[in-house]
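Enquirer: In the numbering used here, the protein residues as written are 60 to 500.
Quick one: structure below, then a few questions.
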Ligand SMILES: Cc1cc2nc3c(=O)[nH]c(=O)nc-3n(C[C@H](O)[C@H](O)[C@H](O)COP(=O)(O)OP(=O)(O)OC[C@H]3O[C@@H](n4cnc5c(N)ncnc54)[C@H](O)[C@@H]3O)c2cc1C
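Structure follows, in structure tokens:
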């Protein structure tokens with residue numbers, strides 16, 4: 060990993076920790092309320108930490124390129140999911156400890172009218188958090204569409220964090236000091252501001268930088284390539300392997316954009332970009348029918364999945380539609396006249412659905428590229444590899460010195476897990492493999 064990325068990772072990690080710890084430490088300065096028993100104080104600390112971590116989730120998902128680039132967007136979303144569970148755990152454990160410690164604050168009130176406002180908001184906040192977690196973990200099982208889930212996710216997160224803040228201010232124990240109250244209210248405004256930035260400010264910029272579909276190309280494997288040109292602006296440059304968020308029908312203010320890798324060469328300098336999209340669900344099934352001339356919006360580029368050291372052999376491992384970033388890398392290296400050796404291990408269902416089959420065949424003659432097809436349903440008389448890409452296939456096709464090559468993996472999650480395990484077995488260090496997961500949720 061380049062030294063610059065290591066430094067950026069360290070700097071952002073420290074900033075992240077500061078955002079969580081600083082408001083907690085601030086509570087311990089200035090005039091302090093009379094101390095209570097250990098369990099009460101401990102549970103309150105958990106509640107405050109949980110809320111600070113929840114608030115920062117708005118920052119993690121705000122798609123700030125400087126923050127996400129050193130790790131890659133998929134890693135950031137993975138972290139977002141894991142850290143959210145910890146934050147929700149802290150917030151939920153907070154009242155449970157108080158109940159177990161027999162706190163008189165949680166004694167049942169004589170009538171509903173006696174319930175303090177701080178408690179009402181605590182229930183609203185925790186209720187929203189629990190609903191949010193249930194929907195995030197079991198969205199598919201609950202048959203909730205991605206779009207509906209996305210809107211509910213944002214609303215519940217705002218209610219949870221806003222409710223948590225009102226609860227803290229309403230309870231007023233640590234936040235009796237006006238400046239401490241101002242600090243926490245300011246932080247909450249900042250968190251919600253991040254959300255407004257993503258949902259209002261960024262779309263406003265995108266609105267002024269539209270694209271038009273210039274060509275719709277059918278590809279093998281129920282897949283379509285959209286060729287898009289910037290309209291009235293120069294567009295952006297990307298690195299091969301990166302992706303963008305596409306908004307096709309409607310304005311950029313639409314909550315849900317869809318992520319797709321760029322499949323075109325990064326050397327194109329007129330702003331034209333291509334995305335190659337497989338029909339896999341509601342949104343992607345309509346791509347083949349997109350009319351030429353359709354106005355679209357692109358947010359990008361994002362991601363850290365891109366070609367590495369020119370001296371290393373590059374092993375590209377693609378499963379199904381995971382071929383798109385690889386094709387962008389190959390096309391870019393062809394345009395650059397790059398001399399590094401490339402091996403593409405490409406897993407597909409059957410021979411007829413191999414997207415970019417003919418082009419890859421042709422490109423083998425232009426650069427040092429070897430394409431190995433692995434078919435899970437091979438046709439009769441197929442003499443190539445069949446089944447799934449695994450350690451045995453690596454050994455058959457890769458030159459020895461496995462730990463010296465760089466590996467790029469993109470495909471279905473099961474395939475990626477299996478390949479990462481196989482690379483581990485082959486003693487390939489983690490720093491030598493790069494992956495892009497097509498599932499953020
Ligand atoms: C970084 C990245 C790059 C990708 N590149 C490509 C590509 O080059 N070509 C390609 O065909 N596909 C690509 N995908 C996958 C593509 O984004 C999804 O297949 C597509 O959004 C599914 O939408 P749908 O409504 O058709 O399917 P649905 O049936 O609604 O969804 C299928 C699954 O896709 C996921 N999904 C749906 N909508 C979104 C969304 N807005 N954001 C994130 N995930 C979503 C959900 O897990 C959902 O369960 C990429 C995904 C990621 C994360």
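No residue lacks a Cβ here, since even glycine has one placed at the ideal position from N, Cα and C.
Flag this pair as yes or no: are the beta carbons of residue 302 and residue 318 separated by less than 8 Å?
Expert: Yes, these two residues count as a Cβ contact at 8 Å.
Enquirer: Cβ of residue 452 within 8 Å of Cβ of residue 433?
Expert: Yes, the pair counts as a contact, with Cβ atoms nearer than the cut-off.
Enquirer: Whole angstroms are fine: how far does the CA of residue 274 sit from the CA of residue 407?
Expert: About 26 Å.
Enquirer: For residue 72, which of 218, 115 and 257 has the nearest alpha-carbon?
Expert: Out of 218, 115 and 257, 115 has the C-alpha closest to the C-alpha of residue 72.
Enquirer: How would you label residue 462, buried or exposed, when you count the other beta carbons within 10 angstroms and need 16 or more for buried?
Expert: Classification of residue 462: exposed, given that the 10 Å Cβ count is below 16.
Enquirer: What does the alpha-carbon distance come out to for the pair residue 132 and residue 93?
Expert: When rounded, the distance between both Cα atoms is 45 Å.
Enquirer: Please give me, in chain order, every unbroken run of the alpha helix (DSSP H) with length at least 4 that falls completely inside the stretch 256 to 335.
Expert: Counting whole runs of 4 or more residues, the stretch 256 to 335 contains the alpha helix (DSSP H) stretches 261 to 266.
Enquirer: Please list, in chain order, all residues of the same chain as residue 159 whose beta carbon is under 8 Å from its beta carbon, the five residues on each side excluded.
Expert: Only 98 meet the Cβ criterion.
Enquirer: Could you spell out where the beta strand (DSSP E) holding residue 142 opens and where it closes?
Expert: Premise fails: residue 142 lies in the alpha helix (DSSP H), 132 to 159, not in any beta strand (DSSP E).
Enquirer: Would you tell me roughly how many angstroms separate the C-alpha atoms of residue 11 and residue 192, rounded to the nearest one?
Expert: With the chain covering only 60 through 500, there is no way to say anything about residue 11.
Enquirer: Tell me which same chain residues have a C-beta within less than 6 Å of the C-beta of residue 233, skipping the five on either side of it?
Expert: Hits under 6 Å: 86.
Enquirer: CA-CA distance, residue 199 and residue 425?
Expert: If I take the Cα positions, the gap works out to 44 Å.
Enquirer: Whole angstroms is fine: what's the gap from residue 349's alpha carbon to residue 315's?
Expert: So the alpha carbons of these two residues sit roughly 18 Å apart.
Enquirer: Looking only at its own chain, which residues have a Cβ that is under 8 Å from the Cβ of residue 147, when we skip the five neighbours before and after it?
Expert: Once the five neighbours on either side are set aside, the close Cβ partners of residue 147 are 109, 113, 188, 189, 191 and 192.
Enquirer: CB-CB under 6 Å to residue 267, same chain, minus the five flanking residues each way: which ones, in chain order?
Expert: Closer than 6 Å at the Cβ level, and outside the excluded window around residue 267, lies no residue.
Enquirer: Quick check: what's the CA-CA separation for residue 103 versus residue 154?
Expert: Distance between the alpha carbons of residue 103 and residue 154 is about 9 Å.
Enquirer: List the whole-angstrom C-beta distance separating residue 382 from residue 342, where the pair is believed to meet the contact cut-off of C-beta under 8 Å.
Expert: No, residue 382 and residue 342 are not in contact; Cβ-Cβ is about 20 Å, not under 8 Å.
Enquirer: So does residue 309 have its beta carbon nearer than 7 Å to some heavy atom of ligand 1?
Expert: No.
Enquirer: Shortest alpha-carbon distance to residue 386 belongs to which of 83, 418 and 362?
Expert: The shortest C-alpha separation from residue 386 is found at 418.
Enquirer: According to DSSP, is residue 162 part of a helix, a strand, or is it coil?
Expert: Reduced to three states, the DSSP call for residue 162 is coil.
Enquirer: With residue 403 as the anchor, note down where its beta strand (DSSP E) starts and where it stops.
Expert: Per DSSP, residue 403 belongs to the beta strand (DSSP E) from 401 to 407.
Enquirer: Is DSSP giving residue 432 helix, strand or coil here?
Expert: In this structure, residue 432 counts as strand in the three-state DSSP scheme.
Enquirer: Does ligand 1 have a heavy atom nearer than 7 Å to the CB of residue 127?
Expert: Not so, every heavy atom of ligand 1 lies at least 7 Å from the Cβ.
Enquirer: Which residue wins for smallest C-alpha separation from residue 214, given the options 194, 447 and 96?
Expert: Selected option, being the one with the closest Cα: 194.
Enquirer: Should residue 474 and residue 492 be called a contact, given that it needs their Cβ atoms to be closer than 8 Å?
Expert: Result no, Cβ atoms of residue 474 and residue 492 do not sit closer than 8 Å.
Enquirer: Just checking, does the stretch 434 to 446 make contact with the stretch 467 to 487 on the three C-beta pairs under 8 Å criterion?
Expert: Short answer: they don't touch.
Enquirer: Taking 7 Å as the cut-off, does the CB of residue 137 come closer than this to any heavy atom belonging to ligand 1?
Expert: Flag unset: Cβ of residue 137 not near ligand 1.
Enquirer: Going along the chain, which residues of its own chain have a beta-carbon closer than 7 Å to the beta-carbon of residue 121, five neighbours each way excluded?
Expert: Excluding sequence neighbours, residue 121 sits near 253, 256 and 257.
Enquirer: May I ask you to list the residues that DSSP assigns as paired with residue 467?
Expert: DSSP lists 375 and 493 as partners of residue 467.
Enquirer: Rounded to the nearest angstrom, what separates residue 476 and residue 373 at their Cα positions?
Expert: Using only the alpha carbons, I get a separation of about 19 Å.
Enquirer: Using the DSSP secondary-structure output, state which residues sit across from residue 357 in a beta bridge.
Expert: Beta-bridge pairing links residue 357 to 305.
Enquirer: Report the CB separation of residue 388 from residue 458 in whole angstroms; it is logged as a contact under 8 Å.
Expert: That pair is no contact at about 20 Å.
Enquirer: Pick helix, strand or coil for residue 63, following the three-state DSSP scheme.
Expert: If DSSP states are grouped into helix, strand and coil, residue 63 belongs with the helices.
Enquirer: What beta strand (DSSP E) runs, 3 residues minimum, are completely inside the stretch 88 to 138?
Expert: Taking only runs of at least 3 residues, no beta strand (DSSP E) segment lies wholly in the stretch 88 to 138.
Enquirer: Taking the DSSP output, what are the residues bridged to residue 476?
Expert: Paired residue(s): none; residue 476 is not in a bridge.
Enquirer: Helix, strand or coil: how does DSSP classify residue 187 here?
Expert: Helix at residue 187.
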